[in-house]
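Asks: Before we start, here is the structure in question, set down as structure tokens.
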Amino acid sequence: MFGFKDISVNFLTGSPWAVSLATIVLLGLAVLLYYRTNPPIPRYLSILLATVRILAVLVLVAALFEPVFSYSREFTRDKRIAVVLDRSGSMDRIENGLSRSVRLDSLLSGEDFERIALNADVSTYYFGENLVRGLSRVGTEKTALGEAVADLEKIELSRPSDHWLLFSDGNSNSGRKPSDVATGLKVPITTVGMASDVGEFDIGIAEVEFNPVAFVGQSTEIKVKLTWQSGAGKTAVVRLNESDKALADARYSIEEEGGFGEVTLKYVPVEPGKKLLQVNVPLLEGEASDGNNQRSIAVKVLKSRLEVLLVTAEPDYEVGFLRRFLLQSDRHDVDLIATGSKSGNLAGRLPSSQAALNRYDLVIFHDPDPCDLESRQALLRSYIAEKGGAIWIMMGARFAGAGPQDWLNDLLPFYQSRPTRAAYADFHGVPAEGELFHPAVRLADDRAGVRERWSLLPPFELLVPCDQIATGGTVLAFASGTGEGDARLPVLGYRRLGPGKLIASAALPFWTWEFETLGYEADGSDYERLLQGAISWLTVQDDFDPVRINPEQDVFSRGAPIRFEGFAFDQGFRPLPGVIGFVNLKNAATEETFEIDFVDRGEGKFTAEFRAVPPGEYDFDGIFRKEGRMLKKSSGRILIESFSLEESNQHGDPSTLQVLSRASGGKYCRYDEFREAVASMNLEPVTESVKAEKALWGRLWLLLLFVVLLTTEWLLRKVNHLI
92 MFGFKDISVN FLTGSPWAVS LATIVLLGLA VLLYYRTNPP IPRYLSILLA
142 TVRILAVLVL VAALFEPVFS YSREFTRDKR IAVVLDRSGS MDRIENGLSR
192 SVRLDSLLSG EDFERIALNA DVSTYYFGEN LVRGLSRVGT EKTALGEAVA
242 DLEKIELSRP SDHWLLFSDG NSNSGRKPSD VATGLKVPIT TVGMASDVGE
292 FDIGIAEVEF NPVAFVGQST EIKVKLTWQS GAGKTAVVRL NESDKALADA
342 RYSIEEEGGF GEVTLKYVPV EPGKKLLQVN VPLLEGEASD GNNQRSIAVK
392 VLKSRLEVLL VTAEPDYEVG FLRRFLLQSD RHDVDLIATG SKSGNLAGRL
442 PSSQAALNRY DLVIFHDPDP CDLESRQALL RSYIAEKGGA IWIMMGARFA
492 GAGPQDWLND LLPFYQSRPT RAAYADFHGV PAEGELFHPA VRLADDRAGV
542 RERWSLLPPF ELLVPCDQIA TGGTVLAFAS GTGEGDARLP VLGYRRLGPG
592 KLIASAALPF WTWEFETLGY EADGSDYERL LQGAISWLTV QDDFDPVRIN
642 PEQDVFSRGA PIRFEGFAFD QGFRPLPGVI GFVNLKNAAT EETFEIDFVD
692 RGEGKFTAEF RAVPPGEYDF DGIFRKEGRM LKKSSGRILI ESFSLEESNQ
742 HGDPSTLQVL SRASGGKYCR YDEFREAVAS MNLEPVTESV KAEKALWGRL
792 WLLLLFVVLL TTEWLLRKVN HLI
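Just so we're aligned, residue 92 is where the sequence shown starts under the numbering used here, counting upward by one.
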């Protein structure tokens, strides 16, 4: 009856005989108590009271016996079928006059699919880069077939389908491989291949391999991987362009009907900077589509050698050791000019034009006279604040004797408040605690090691007393043991001026650091570490600055999230608290703007992510603020390609669908074989048997019923004067 069968009761009590005996005794007492009462009561009341007492005893017994009722129930239901529809961009490909999506819609509106809908409980899902129930929320720029299968299996854990019906062209270009998730599937899948592009000629760029960093004048290889079908006998031309300028090209002869090939292009940059390059294959005769014939790449071109200008009035040991270090490296070209009266064949003058000065990546002034530089102050300001140049001013006796100059003080991290002669004494430099990991200070790998290395260095012998720290200036090291009272006078510091940087040192000499270790420090002296760290920090862009904002990449595929990363650390690479920021995108052609705030991920790391940004070139501004003050502003340009992953390869892939069907115990069919596939499907209702157990003991309602029965008995006895 009602499909219930195999009904049974099991008692979990450990003392069944004792409980049974107690039950008999309690029931007997209940009958005896109300069989004859004193004073006598009406018969109906006696029966009522006895019944209430017996029910209370039975409720108590039900709890003491700990009974568990078991049963099974059989019922029939409609077969559950999950219909999974591919709505990615490749489904819009037109074949034989119809797109795959139109062909799919035709199947869904036909009588064969209607038969399934009438005889089964159908659940519909859509997938592209994600699996969703609503068509409007599906991402079309990627196809994650493997992820869709895995996600559907998770969704149906509590109520699995009896069968899956998957309509797709088999393309999968994102996420896990379908073959990896096919193993272990418990639900049979009937896959329906929607592609019919067999025989159509198409060629596309599958991948571009390149080094994102290149050097001026040095050749670098760009490897272009091609994929094609039905292309035997054709010749493809692969070109490398920058805007409309052709940079390189190569020809590739196709000998097989379908397959993969590789073309290598040689690229020799002629000037530094960030380059957006296009790799393309011009449309060939008879080609089905050129949507997958172009890719864009971003290459950062650096100078192969840094141009260094070393300026001094009179060359000495300091200049000699510095020049020797620079020339020993294959990364520097050094121009040394001496401006003093006894310069000999090294005599020269500081460049008098902006173009001449701007060709240098680094300018080092050794003990300059600020008065001699005053005529070049406009050039120096422009060089550092506009060009983004790098300057190192090594102060000495000549610098101190000239006294402070207002125009130069505006550039320096620290300066003199009044004319003061240089102080001569032996003293050491002590690195600032917050700057122990700055590249110009970091002579060891840990904080204790940095302090120890600085304490063991040969002493300085000259100090220019700079008692004023400029706004925006940062002191890297202070003087210790100078005899100048308790004043903490700086010996090394820096200041940022727009995109440029300036380091100043107020102590000499440095060359003794090298001289005392010549010949027995195989891993490089502290002198070399100082110069390498300082020069690298001055000349390398902000890629490794402790506070920086940069896009995750320079070229994004259409539809991909546009992600920016931000980092906010102090010079010791400790997270800065209280930092907020945002990123603004502006389309270079339409001037349409997008803006989003940074999300603090903790530990000094931030992310900002844009979605659904149209293709095009965009200028970006990323800004960090702390306590209302601008901490960092980064600007640049990114490219969002009109190309997407869906266009890289739109050929159908029936083998992937066959793997899914075979691994799950289902079947594969082409779209024109759908009728036969439906005819072979078993759509009969499913008979299910459900087993269940119900325990009476430990139930709150059972306790409440026991209390209610006893309370009712007590009230009846009270009303009838039996108490």
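Idealized CB from N, CA, C, for every residue including glycine.
#1: Check the C-beta distance from Gly-713 over to Val-670 and give it rounded, since I have them as a contact under 8 Å.
#2: From which residue to which residue does the alpha helix (DSSP H) around Gln-419 run?
#3: Mind checking which residues open and close the beta strand (DSSP E) that includes Phe-569?
#4: If I measure Cβ to Cβ from Trp-483 and keep anything under 6 Å in the same chain, skipping five residues before and after, which residues do I get?
#5: Rounded to whole angstroms, what is the Cα-Cα separation between Tyr-709 and Pro-642?
#6: Which ranges would you report for the beta strand (DSSP E) in the stretch 594–674 if only whole runs of at least 3 residues count?
#7: So, with DSSP's three-state summary, where would you put Arg-206?
#8: Where does the unbroken alpha helix (DSSP H) through Ser-287 begin, and where does it stop?
#9: Does the Cβ of Asn-264 have 16 or more other Cβ atoms within 10 Å, making it buried, or fewer, making it exposed?
#10: Would you report the Cα separation of Thr-511 and Phe-505, rounded to the nearest angstrom?
#11: Comparing alpha-carbon positions, which option in Gln-496, Ile-132, Tyr-515 lies nearest Gln-468?
#12: So is Trp-108 buried or exposed if we call it buried at 16+ other beta carbons inside 10 Å?
#13: Please state the DSSP three-state secondary structure of Ile-428.
#14: Give the straight-line distance between the Cα atoms of Arg-579 and Ala-561, rounded to the nearest whole angstrom.
#15: Contact check, Tyr-762 vs Leu-198 under 8 Å by CB: the rounded distance?
#16: Could you check the C-alpha separation between His-254 and Glu-165 for me, to the nearest Å?
#17: Smallest Cα separation from Ala-305: which of Gly-295, Ser-725, Ile-115, Val-390?
#18: Could you round the C-beta distance between Glu-348 and Ser-321 to whole angstroms and report it? I think they count as a contact, below 8 Å.
#19: Considering only the alpha carbon of each residue, which of Leu-502, Ala-514, Leu-548, Asp-536 lies closest to Val-521?
#20: For Thr-565 and Ala-679, what's the separation of their Cα atoms in angstroms?
#21: Measuring only the C-alpha atoms, how far is Glu-552 from Ala-404?
#22: With distance defined between alpha-carbon atoms, name the residue in Pro-776, Val-402, Ser-380, Phe-292 nearest to Gly-350.
#23: My understanding is that Ser-735 touches Gly-364, with C-beta atoms under 8 Å, so please give their C-beta distance in whole angstroms.
#24: Which parts of the stretch 341–373 are runs of the beta strand (DSSP E), unbroken and 3 residues or longer, counting only runs that do not cross its ends?
#25: Rounded to the nearest angstrom, what separates Ala-429 and Leu-413 at their Cα positions?
#26: How many angstroms separate the CA atom of Ala-239 from the CA atom of Val-769?
#27: Identify, in the order they occur along the chain, each residue of the same chain with its Cβ nearer than 7 Å to the Cβ of His-423, setting aside the five sequence neighbours on each side.
#28: When the Cβ atoms of the stretch 793–804 are set against those of the stretch 313–327, are three or more pairs found closer than 8 Å?
#29: Using the C-alpha atoms, what's the distance from Ala-241 back to Arg-267?
#30: Find out if the Cβ-Cβ distance for the pair Gly-487, Gly-591 is shorter than 7 Å.
#31: In the DSSP assignment, what residue or residues form a beta bridge with Trp-760?
#32: Measure the Cβ-Cβ separation of Gly-261 and Leu-751 and say whether it is below 7 Å.
#33: Which residues bound the alpha helix (DSSP H) around Ala-824?
#34: Sort Glu-607, Arg-450, Gly-237 by Cα distance to Tyr-474 and report the nearest one.
#35: Inspect the CB distances between the stretch 710–730 and the stretch 649–661 and report whether three or more fall short of 8 Å.
#36: Among Lys-785, Trp-628, Leu-534, whose alpha-carbon lies nearest the alpha-carbon of Asn-101?
Replies: Here's the rundown:
#1: Contact doesn't hold; Cβ gap of about 12 Å is too wide.
#2: 408–419
#3: 564–571
#4: Ile-455, Ile-594
#5: 12 Å
#6: 638–642, 653–659
#7: helix
#8: Per DSSP, Ser-287 belongs to no alpha helix (DSSP H) and is neither H nor E.
#9: buried
#10: 14 Å
#11: Gln-496
#12: exposed
#13: strand
#14: 15 Å
#15: 6 Å
#16: 21 Å
#17: Val-390
#18: 6 Å
#19: Leu-548
#20: 37 Å
#21: 20 Å
#22: Phe-292
#23: Ser-735 to Gly-364, Cβ: 27 Å. No contact.
#24: 349–358, 364–371
#25: 14 Å
#26: 23 Å
#27: Arg-396, Leu-397, Val-399, Leu-417
#28: no
#29: 9 Å
#30: no
#31: Looking at the sequence provided, one finds Cys at residue 760 rather than Trp. Per DSSP, Val-283.
#32: no
#33: For residue 824 there is no data in the structure shown, the boundaries of the chain being 92 and 814.
#34: Arg-450
#35: yes
#36: Lys-785
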